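Those protein sequences? They're chains W and A, same order as listed.
Throughout the first sequence, residue numbering follows this note's numbering, covering 1 to 247 in sequence.
Throughout the second sequence, residue numbering follows this note's numbering, covering 1001 to 1247 in sequence.
All C-beta atoms, glycine included, are put in the ideal place defined by N, C-alpha and C.
Everything numeric in this text was worked out from a predicted model, so none of it was measured.
2 protein chains.
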Amino acid sequence: MALMPHQPNDLMIRKLDSIFPLSDEERGALQQLPILLKGIKADREIVGIGERPAQSCLILEGFTCAYKLSHLGKRQIMALHVPGDMPDLQSLHLAVMDMSIASISSCTVGFIQHEDLRRLCEQHPRLTAAFWRETLVDASIYREWLLNVGQRSAYTRMAHLVCEILIRLKAVGLVEKWSFQWPITQEKLADALGITAVHVSRTLQALRADGLIRMEKTQVSVPDWERLKEAGEFDPLYLHLQVRKGA
Amino acid sequence: MALMPHQPNDLMIRKLDSIFPLSDEERGALQQLPILLKGIKADREIVGIGERPAQSCLILEGFTCAYKLSHLGKRQIMALHVPGDMPDLQSLHLAVMDMSIASISSCTVGFIQHEDLRRLCEQHPRLTAAFWRETLVDASIYREWLLNVGQRSAYTRMAHLVCEILIRLKAVGLVEKWSFQWPITQEKLADALGITAVHVSRTLQALRADGLIRMEKTQVSVPDWERLKEAGEFDPLYLHLQVRKGA
DNA sequence: CGGACCGTTGAGGTGAGTCAAAGATAGTGG
DNA sequence: CCACTATCTTTGACTCACCTCAACGGTCCG
C-alpha cells in the first residue's frame, strides 16, 4: 500500500473523461469504485500468462509492460504502460491471460475487482463504451508497433518509441519542457523493439549524435520535436487522443 | 450484391454464440440486423486509413487484410481476416480509421450500420459484451503477431501463420482433412511476416522440403499437424476459442 | 499467342546479431 | 563513508539471416 498524491479514481476519471466526456453521475459512480492500492518493486510480475484474474489493474505511478516469451526464451515486450493505463482490462472478457504484465520501474498499481467493473458497466452503459474504447486504443497501439517492428529500421523504431512515450506522458501531465522521467534499461528497449541490447546502445548513440534526444540518468529530453517526429515517422493519429471535435 | 449459401446473419450468430453463448432473444435480435451484401474483387480497398466510416463490415466469403504503410512505402499487414470476422468493428468507438482494410482474394462482405449496432447493444447489453470480446481477441492476435515478427525466424514465423489460419478456418468449418483454400500471394505473405517476397519463396521451399506443408495452386495442406505446430511454436491459447468450460 | 503476374534462382551486400571484455553506475552492508 | 557487487552501458571484431538486384520460367486468361 502506498500514499498517493491524489485519489487513484481521479486519474482514471480524468483519463476516461478526456476522450469520452462523462456526466456528473458517471463521474460519481467511478469515484465510488473501490480501488486497492499496492506498491510494487521494479521487475516484478503483476499478472502472469495463463492466469485467470478476478481483477484488473490501473497504473498510478511508474511503468509496466506486457510481454511474452518465444520458445528460445526471447522476450517481446508488446506494450509499455504509463500512469492512467489499464494494462489488463481485457481480462474482464477474456478469462485466461495470453500475456504477462510486469513492472519496469518501481510503481504504484491500483486493483479493481471485475465484479465491481461489471456492476458499474451494467448500471452505466456509457461507461462500458468508455472502457471498451480504452481497449480499442490499446489494440491500435499494437498495430502501430507491428508496423514499427516489421518494417522500420532500428533507428526509426527507437525514435518512434520515444515519440509515443512522450505524447502519452504529456497526456497525463508527466512531461515538462519536452523532458520526462523514463527509468527503462536498454535491455528492455531491446525487447520492445525486437533488436538486441547492444544494438540499442549503438542506436541511442546515433540519435544522440544527431541531436534528436538527450539523456541524463533516467531523464530523457527532446531538443527538437519536429525532427524527432520526422525521424520516427511518427503520426499520433493511432493514439486516438482527441475525440471532441474542434478540441 | 451476391448470392450467399446461407444468411449472413447466421454466420455472425454462430460465431458469437460459439464463444459467448446467446439467448434465443439475442439470437433473434441479431437475426433482424440489416446487413447489406457486396461482392468485392481481389485487391480492392474496403475502408481507408483516415476515413470515418458509419458502418462496420463482416467477411462472408474470401479473405481480407488490415495494413499500414511506412514512409518508405513498405506495407505491413497487421491482420488477415477469414469468413465470420469483423475487421473494423473498432470503428464503432474509434471515429477515425488508423489502418486500411483491403480484400486479398475476391470476397463477399456484409456491411452493418453503426447506428443499428448501437441500438442493438443498447437493447441487449450482453451483445455489447460479445462484440467487445471480439475486438479483444483481435487485440490478442496483434500481440501474438508482434511476438512472431519481433522474435522469431522467418521459418518459424511462416509455420506459425499457417497454423493460425488453419485453426481459424477450422473454427468456421472451412478446413477439410487438414487442407484448406488459401488464395494468398507470396508478396502478401511477405508483408504479413515482415520479410521480402524472395525470402518467402525460399522459406516455403524449406517448409515443403521438411514435409510440414504441401501446396497446390491455392490449396494448402498440412500432413503433420503436430510437427508444424512445433515448428511454428504455435499455442492456440491466444485465439481464445473455447470459453465454455469442458467444451 | 502474348502480356501480366507470380514464383524461383543465383550472386553479392548489409543491418543487426553474437561474443567477449572493459568501463561506468548504482545499490548494499559493514 | 567506502569497499564490494551486481547491473547496466559501451566498444570492437566477426558472423549471419535476410535483403537487393536481376534474370528466367510458369501459369493464367483474354
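Per-residue DSSP class, three states only, for residue i
i          : result
A:Ala-1192 : helix
A:Gly-1028 : helix
W:Met-4    : Because the pLDDT at W:Met-4 is just 48, under 50, the model does not fix this residue reliably, and the value given afterwards should be weighed accordingly. Residue state, collapsed to three classes: coil.
A:Glu-1176 : coil
W:Ile-167  : helix
W:Ile-213  : coil
A:Ala-1247 : Residue placement at A:Ala-1247 cannot be trusted, given a pLDDT of 37 that sits under 50; the coordinates are not used to answer.
A:Gln-1186 : helix
A:Gln-1205 : helix
Residue i, buried or exposed, once every other Cβ within 10 Å from all chains shown has been counted against 16
i          : result
W:Met-78   : buried
A:His-1251 : No information on residue 1251 of chain A is available, as it lies outside the stretch 1001 to 1247 that chain A covers here.
A:Gly-1084 : buried
W:Glu-122  : exposed
A:Thr-1218 : exposed
W:Gln-55   : buried
A:Gly-1211 : exposed
A:Leu-1127 : buried
A:Leu-1036 : exposed
W:Asp-24   : exposed
W:Lys-229  : buried
A:Gln-1151 : buried
A:Asp-1043 : exposed
A:Gln-1007 : exposed
A:Lys-1041 : exposed
W:Lys-177  : exposed
A:Glu-1226 : exposed
W:Arg-133  : buried
A:Phe-1020 : buried
A:Ala-1192 : buried
beta-carbon residue i near the ligand ADP non-hydrogen atom, thresh 7 Å
i          : result
A:Ser-1221 : Because no ligand of any kind appears in the structure shown, any question about the ligand ADP cannot be addressed here.
Option in the options with minimal Cα separation from residue i
i          : options                                        : result
W:Val-136  : W:Arg-157, W:Asn-9, W:Leu-16                   : Checking the sequence shown, residue 136 of chain W turns out to be Leu, not Val. Here the closest residue by C-alpha is W:Leu-16.
W:Ile-49   : W:Ala-139, W:Arg-133, W:Leu-89, W:Ser-100      : W:Ser-100
A:Gly-1073 : W:Asn-148, W:Arg-52, W:Gln-113                 : W:Asn-148
A:Gln-1032 : A:Asn-1009, A:Arg-1014, A:Asp-1043, A:Arg-1052 : A:Asn-1009
W:Ala-159  : W:Ala-102, W:Leu-69, W:Gly-232                 : W:Gly-232
A:Pro-1236 : A:Pro-1125, A:Asp-1191, A:Glu-1144             : A:Glu-1144
A:Ala-1102 : A:Leu-1092, A:Lys-1068, A:Thr-1064             : A:Thr-1064
W:Ser-179  : W:Lys-170, W:Glu-187, W:Thr-185, W:Gln-186     : W:Lys-170
A:Pro-1053 : A:Ser-1018, A:His-1093, A:Arg-1075             : A:His-1093
W:Leu-204  : W:Leu-241, W:Val-162, W:Arg-27, W:Gly-39       : W:Val-162
A:Lys-1038 : A:Phe-1111, A:Glu-1051, A:Gln-1090             : A:Phe-1111
A:Ile-1167 : A:Val-1198, A:Ser-1091, A:Phe-1234, A:Leu-1058 : A:Phe-1234
A:Gly-1062 : A:Val-1172, A:Ala-1206, A:Leu-1069             : A:Val-1172
A:Glu-1026 : A:Ile-1013, A:Pro-1087, A:Ser-1018             : A:Ile-1013
A:Glu-1187 : A:Ala-1029, A:Glu-1051, A:Gln-1076             : A:Gln-1076
W:Leu-58   : W:Pro-21, W:His-114, W:Met-215, W:Ala-154      : W:His-114
W:Gln-181  : W:Ala-209, W:Ala-154, W:Arg-214, W:Arg-157     : W:Arg-214
A:Leu-1146 : A:Thr-1185, A:Gly-1194, A:Leu-1022, A:Lys-1068 : A:Gly-1194
DSSP bridge partner residues for residue i (one or two, in chain order)
i          : result
A:Ile-1013 : For A:Ile-1013, which the question treats as bridged, DSSP gives no partner whatsoever.
W:Ser-221  : W:Ser-179, W:Arg-214
key: Complete runs of the beta strand (DSSP E) confined to the region 1080-1144 of chain A [at least 3 residues]   = Entirely contained in the region 1080-1144 of chain A, the beta strand (DSSP E) runs reaching 3 residues are, in chain order, 1100-1103, 1107-1113.
message = In chain order, what are the residue ranges of uninterrupted beta strand (DSSP E) at least 3 long that sit wholly in the region 1015-1075 of chain A?
response = Here the runs fully enclosed are 1036-1040, 1045-1047, 1055-1061, 1064-1069.
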